[in-house]
Amino acid sequence: MSRNTPQFPQLVVRRYDPQQLRRRVLLGAVAWVTTVLVTIAVMRWFAPVPVDGPSPAAFEQVKQENETLKQRVAVLERADQVDRIASSDLQQTLREREEEIAGLRTDIAFYSRLVGGGARREGLAVHSVHVSALKESRAWNVTVTLTQNLKRSQVSEGKVQVAIEGVNGGQLRSLPWSELSAGGEAGGMPFSFKYFQQVSGTVMLPEGFSPNRIKVLVDAGGGGRIEQGFAWDEAQAAEETQNVQQQEKSGAGTAR
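By the count of UniProt numbering, the sequence shown reaches residue 256 at its end, each step adding exactly one.
Next comes the structure, spelled out in structure tokens:
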């Protein structure tokens with residue numbers, strides 16, 4: 001009989017609590033609001049920060065100012081270039097004027113020697129010597145400037161020789177005119193003048209000879225003999241006096 005007894009559902013009786021329902025609703029609302037706030041915060045955190053760019057008018061103004069500054073820089077660079085060129089030209093002009101002044105002083109000293117001295121006879125003198133090398137050879141041109149200051153303008157005549165001192169093969173050596181002359185003027189370079197004259201000749205140095213001094217020997221016959229030495233470097237650097245005009249022997253004979 002127990003198998004045929006019908007089964008009835010069991011009923012559970014629970015107490016209805018409206019406060020608990022409200023708490024659940026409130027907690028759900030709080031959780032939803034919290035989720036929304038967290039989502040907004042995350043989106044703002046990772047969102048790119050907007051950068052306020054310049055307005056078109058401000059950009060155009062900056063562009064114009066930049067162009068103006070570029071033009072000013074170009075003007076200043078050009079002015080600086082002009083100043084440098086002007087300064088260089090001025091320095092070159094000053095150097096040329098200094099050279100001219102030095103040349104004029106040399107000329108003044110040269111002519112003062114000729115016309116000065118009053119009634120005193122200064123006689124024959126070697127004013128300067130100049131040497132210049134001939135290209136691709138061991139030959140050198142030698143130019144000697146002679147002067148004298150004579151009250152009665154007497155003519156001096158004679159011959160000029162040069163001797164060169166230096167080192168050859170590690171030994172000191174002095175080369176006389178007879179070993180140097182390359183023009184067949186065995187007795188020397190002739191001169192004849194009243195006040196001044198330049199005489200020129202060519203000498204040939206031996207292979208391996210290193211000159212350091214040149215001696216000028218002037219033989220004026222009855223007018224006496226003089227000897228004067230010059231450093232070789234000084235003779236190379238010497239500028240020939242521009243105002244001195246070389247006189248030929250025939251012209252000097254006419255002055256006689």
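Where a beta carbon is used, it is the ideal one built from N, C-alpha and C, also for glycine.
All of these numbers come straight from a predicted model, not from anything done at the bench.
Secondary structure note for Ser192: its beta strand (DSSP E) is the uninterrupted segment 189 to 193. According to the DSSP assignment, Glu165 belongs to the beta strand (DSSP E) that extends over 156 to 168.
Following the DSSP letters along the chain, one finds Ala186 in no alpha helix (DSSP H), marked with neither H nor E. When secondary structure is reduced to three states using DSSP, Gly208 falls in the coil class, being assigned neither helix nor strand. Going by beta carbons, Leu175 and Ile164 fall inside the 7 Å limit. Its Cα nearest to that of Ala186, the residue Trp177 stands out among Trp177, Arg105, Thr106. The Cβ neighbour count for Gln161, taken over all protein chains shown within 10 Å, is at least 16; the residue is labelled buried. Per DSSP, reduced to three states, the secondary structure at Ala220 is coil, with no helix or strand assignment.
Exclusion of the five residues before and after Leu37 leaves no residue of its chain whose Cβ lies closer than 8 Å to its Cβ. Going by beta carbons, Val142 and Gly201 fall inside the 7 Å limit. Excluding its 5 nearest sequence neighbours in each direction, Gly224 has C-beta neighbours in its own chain below 8 Å: Gly123, Leu124, listed in chain order. Within the DSSP secondary-structure output, His130 pairs in a beta bridge with Thr143.
The residues Trp140, Asn141, Thr202, in chain order, have a CB closer than 8 Å to that of Leu134 in the same chain once the five nearest residues on each side in sequence are set aside. Distance from the Cα of Met204 is smallest, within the candidate group Asn212, Gln198, Ser181, for Ser181. Judged by DSSP secondary structure, Glu234 falls within the alpha helix (DSSP H) whose first and last residues are 232 to 237. In terms of CA proximity to Arg173, Ser210 leads the group Ser210, Ala235, Phe191. If you draw a straight line from the Cα of Glu227 to the Cα of Gln171, it comes to about 24 Å. Rounded to whole angstroms, the Cβ separation of Val155 and Ser192 is 6 Å, and the two are in contact under 8 Å.
Of the other Cβ atoms in all chains shown, 16 or more fall within 10 Å of the Cβ of Gly158; this residue is therefore buried. Its Cα nearest to that of Ile214, the residue Trp232 stands out among Pro206, Arg23, Trp232. Around the Cβ of Gln198, a 10 Å sphere holds 16 or more other Cβ atoms; the residue is buried. Distance from the CA of Asp89 to the CA of Ser112, rounded to the nearest whole angstrom, comes to 34 Å. The DSSP-derived three-state label of Glu99 is helix.
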